[in-house]
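Have a look at the structure below, then the notes.
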Amino acid sequence: MLLIVQGMDTSGKGGIMRHVVGNVDPQGVDITAFKAPTPAEKRHDFLWRIRKRTPAPGMIGVFDRSHYEDVLIHRVHGWADAKELRSRYTAINAFERELIEGGTTIVKVMLHISRQEQGERLMERLERPDKHWKFNPGDVDERKHWDDYMEAYTRALRATSTVGAPWTVVPADRKWYARIAVQQLLLDALEGIDPQWPAAEFDVEEQTQRLQETMD
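In numbering that gives the first Met the number 0, the protein residues as written are 0 to 215.
Structure representation (structure tokens):
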């Protein structure tokens with residue numbers, strides 16, 4: 000399974016990682032928080048580094064931000080023109096379809112926070128010394144492009160919400176609600192997969208007898 004979590008700064012992505020994904024056995028989870036691409040990564044297609052982090056069989060992969068940054072922030076700041084963005088939407092849909100055909104269930108969540116709530120959360124980070132580490136001055140710069148980001152999200156979600164990999168927009172002004180909503184999405188997906196315990200690769204009766212002999 001692959002859980003993709005997108006959202007504006009302070010929308011609660013970290014809380015989803017801690018309170019929802021954090022309740023899953025860590026042996027079965029692989030979380031990737033994609034940052035700005037490195038010079039080496041920039042020499043490849045934008046999906047190159049994403050493909051390397053897709054979940055293996057039996058694992059739950061989690062993307063804290065993802066390949067969608069390449070059609071969101073790039074649109075807002077004009078780093079990609081309309082033609083390039085359309086090409087990336089097509090590439091994303093093909094990539095996700097490939098994953099689905101290979102047996103991966105994809106859950107895509109956009110945590111939708113209001114501009115007012117974001118402002119209050121950023122202010123709290125400035126007012127509380129124990130949260131200064133969470134504050135990034137660049138978040139204020141990006142906040143000035145709020146309307147552009149909303150437009151970018153609208154276009155991206157419309158272009159990449161497919162039958163096999165639909166987007167779910169989760170209201171995120173109330174953290175408790177967002178966490179319960181994402182938790183339910185994961186539970187629904189897992190029930191659909193219906194995972195089973197792996198069958199024993201040995202003769203259970205034989206091994207039971209052998210063990211019993213050591214207990215007499």
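The beta carbon of each residue, even a glycine, is placed where N, CA and C say it ideally should be.
Inter-residue spacing [alpha-carbon to alpha-carbon] between HIS73 and ALA35: 12 Å
In this structure, does DSSP put PHE45 in helix, strand or coil? coil
Go to THR159, then tell me how far its alpha helix (DSSP H) extends in each direction, as first and last residue. 145-159
Are the region 12-26 and the region 169-184 touching, with three or more C-beta to C-beta distances below 8 Å? yes
How long is the line joining the alpha carbons of ALA55 and ASP187, rounded to whole angstroms? 20 Å
Can you check whether the CB of ILE30 is closer than 9 Å to the CB of VAL19? no
Does ASP129 come out as helix, strand or coil in the three-state DSSP assignment? helix
Helix, strand or coil for ASP69 per DSSP? helix
Beta-carbon gap between VAL61 and VAL4 smaller than 9 Å: yes
Is it true that the region 189-208 meets the region 140-147, where meeting means three or more beta-carbon pairs spaced less than 8 Å apart? no
Looking at C-alpha atoms only, which residue of ASP24, ILE105 and GLY57 is the closest neighbour of LEU185? Nearest of ASP24, ILE105 and GLY57 to LEU185, Cα basis: ILE105.
Can you list, in chain order, the residues of its chain whose CB lies under 7 Å from that of LEU98, leaving out five sequence neighbours each side? LEU1, THR53 and ILE105
What is the C-beta distance between MET109 and VAL162, in whole angstroms, given that I count them as a contact (C-beta under 8 Å)? At roughly 18 Å, the Cβ-Cβ gap does not stay under 8 Å, so MET109 and VAL162 are not in contact.
C-alpha distance - LYS174 paired with GLY11, whole-angstrom precision: 7 Å
Would you say LYS107 and ALA151 are within 9 Å of each other, going by their C-beta atoms? no
Between LEU125 and TRP132, what straight-line distance do the alpha-carbon atoms span, to the nearest angstrom? Straight-line Cα distance between these residues: approximately 9 Å.
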